[in-house]
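Notes for the one structure printed next.
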Amino acid sequence: MTALEKFLIQLIKAQGPISIATFMAEALGNEKYGYYMKQDPFGQQGDFTTAPEISQMFGEMIGLWLTGGWHNMERPEKVHLIELGPGRGTLMQDMVRFMKIVPGLADLIKTDVIQVHLVEMSPALREIQAGSLRDHDITALWHNRVHDALSHAGGEPVLIVANEFFDALPIRQFQKTDTGWHERLINLDNTDTLSLQLAPVPSPEQIIPDVLLRADNSSIAEICPAGEHILAEITEYISQHGGAALIIDYGHDDHGTGDTLQAVKAHKYHNILSDPGDVDLTAHVNFRRLKEVAHENGCHVHGPTGQGEFLKRMGIETRSRKLLAKATDRQKKDILSALHRLTHGSEMGELFRVMAITAPDISGVIGFGD
């Protein structure tokens, strides 16, 4: 039994059943026992691998997109580059390395006129990020919350990147029955083991998207209040002060039913209630809902589109050919493998979606066929 499981058992005994959102928040972010708070979960030695860890080409394409965003904002002399959930810092170092070769932009980065911000709550990951960025001569500021980073930007334009950030935010689940939509909760069974149960009283129907209200019995609906709140903060800021945001995550483009909550340990799927604090928990991102929030705040939305299509439009195939021309046989194999994994429909190319959000005065961006 993990230390966090003991904590959750005591919490439930004291307060009663908890929501899946509370379970996720504690499992991932508990200050003492949370998954992200105590370890490095990325890469071959961790539990999962993200796109930046697969190839430098991914970060270079995002750096190119950010450069286009800077030009679309008419090249402001002060801008804040903010990454949400920066992992090991690999994506940031690849993005900035690319941006340092762009005329005009390079000088702004070198003189810290472009201020780098990382939104990261994990002390363990902050330490890794600091070392990674220090090695590449990148100065950054760290924040626990998106709100703090935006406050520090002080009304100046922002460029925001969120790669596999929204999928780790806590969700709530509701199950349709004859008596309405009941929230799925986590309680203890008669052996004091964590188990799922339905709340005895149905939740207000206003919580459920209208298009799902007539779903069949046993259908499961998911909402992510934390994700909606964070995106509302971002889009309110961009709408008022200028900027753009790029969201990359796995998910779906429309409202739908289904249980997408999953646990991963050592690159394999795991029981979501087993070993809390030692496994990663994620859920599919509802891009339709994020799009609605952005529109509610007056921003333009581009996409979502598949990661593979986006990267190809950004020129990843051309970039791979340039790398192949100078590569050893072993490096060529790695480059082609990475390209396939990042772009092919059977890998990350379709399941992972890419969506851009821009200020009202920016109508088109690169990478989306605008």
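Last residue of the sequence shown: 370 in our numbering, with the numbers rising by one and none dropped.
Built from N, CA and C at the ideal position, the CB exists for glycine as well.
Predicted model only: the values in this text are computed from it and were never measured.
Asked, Found
"Alpha-carbon to alpha-carbon, Leu-84 and Met-99", "18 angstroms"
"Endpoints, the alpha helix (DSSP H) within which His-295 is located", "287-296"
"Inter-stretch contact at 8 angstroms, needing at least 3 Cβ pairs: the stretch 279-289 / the stretch 243-263", "yes"
"Chain-order list of residues whose beta-carbon lies under 8 angstroms from that of Gly-63 (same chain, five-residue window excluded)", "Asp-94, Met-95, Val-96, Arg-97, Phe-98, Met-99"
"Beta-carbon contacts of Gln-307 that lie in its chain and below 6 angstroms, excluding the five residues immediately before and after", "Met-348, Gly-349, Phe-352, Val-354"
"Cβ shell of Ser-407 (< 6 angstroms), same chain only, five flanking positions each side left out", "Since the first residue of the chain shown is 1 and the last is 370, residue 407 is not available in this structure."
"Collapsed DSSP secondary structure at Arg-172 in the structure displayed", "strand"
"Simplified DSSP state of Thr-358, which is helix, strand or coil", "strand"
"Boundaries (first-last residue) of the beta strand (DSSP E) holding Asn-187", "180-188"
"Close beta carbons around Leu-185, own chain, < 8 angstroms, minus the five adjacent residues each side", "Pro-17, Ile-18, Ser-19, Ile-20, Leu-196, Gln-197, Leu-198, Ala-199"
"Among Leu-8, Asn-72, Glu-222, Ile-9, nearest to Ser-363 - alpha-carbon criterion", "Asn-72"
"Completely contained beta strand (DSSP E) runs for the stretch 248-277, where each covers 3 or more residues", "262-265, 268-270"
"Residues bridged to Gly-306 [DSSP beta-bridge criterion]", "Arg-353"
"Buried versus exposed, by CB contacts within 10 Å (16 or more), Thr-343", "buried"
"Straight-line gap, Glu-183 to Phe-23 (C-alpha atoms, nearest Å)", "13 angstroms"
"Range covered by the alpha helix (DSSP H) that runs through Asn-217", "Per DSSP, Asn-217 belongs to no alpha helix (DSSP H) and is neither H nor E."
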